[in-house]
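Right, one structure below, let's go through it.
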Amino acid sequence: MKGIIYKSVKPVHEDERRALIEAFNGDFTAKQLKILKIKKDSVLGNHYHPYRQFFYFLKGEAEYTFLNINTGEKENIHAKEGDFIIIDPFIAHKALQKEGNVMVEGNEQKYTSPDVDDLKYEIK
2 MKGIIYKSVK
12 PVHEDERRAL
22 IEAFNGDFTA
32 KQLKILKIKK
42 DSVLGNHYHP
52 YRQFFYFLKG
62 EAEYTFLNIN
72 TGEKENIHAK
82 EGDFIIIDPF
92 IAHKALQKEG
102 NVMVEGNEQK
112 YTSPDVDDLK
122 YEIK
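Residue numbers for the sequence shown follow our numbering, beginning at 2 and rising by one.
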């Protein structure tokens, strides 16, 4: 689907000491970075943003639904540990997250508040 980049990431270098995993390199600029720890099975999202957003899965898996609010195009993605997703502006998204999931989230703009940044859009 146009507006979504989804990839499984493998280490760019690995030896007995470490594994270097490049989640992104030049294709995303974050002004805010968060670690998400999911406390219980939940549906999160049902909104879109006026900027790009990034997720990298450190642990767990989730079922995502994306909807381009301009074209109506829809896509489902099963994301798991080692996967990343970059979401373009105005792509509505929701995710069925599992307890124990851990992710890195980046936003290309500074997050202000849910009223300003999380533009509600119910995906059916």
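The beta carbon of each residue, even a glycine, is placed where N, CA and C say it ideally should be.
Query                                                                                                                                                                               : Result
For Lys8, which residues of its own chain have a beta-carbon under 8 Å away from its beta-carbon, when the five flanking residues on both sides are left out?                       : Asp84 and Phe85
Might you give, ordered along the chain, the residues of its own chain that have their beta carbon closer than 8 Å to the beta carbon of Ala24, omitting 5 neighbours on each side? : Val10, Phe55, Tyr57, Phe85 and Val105
Within its chain, find whatever has a CB closer than 6 Å to the CB of Leu37; leave out the 5 residues flanking it on each side and keep chain order.                                : Met104 and Glu106
Rounded to the nearest angstrom, how far is the Cβ of Ala96 from that of Tyr122, given a contact under 8 Å?                                                                         : So it is not a contact: roughly 14 Å between Cβ atoms.
Please report the residue range of the beta strand (DSSP E) in which Val105 lies.                                                                                                   : Val103 to Asn108
Please state the DSSP three-state secondary structure of Val117.                                                                                                                    : helix
Could you tell me which of Tyr52, Tyr49, Asp119 and Ala80 sits nearest to Lys99, measuring between CA atoms?                                                                        : Ala80
Can you tell me the Cβ-Cβ gap for Leu59 and Glu82, rounded? I've got them flagged as a contact below 8 Å.                                                                           : 7 Å
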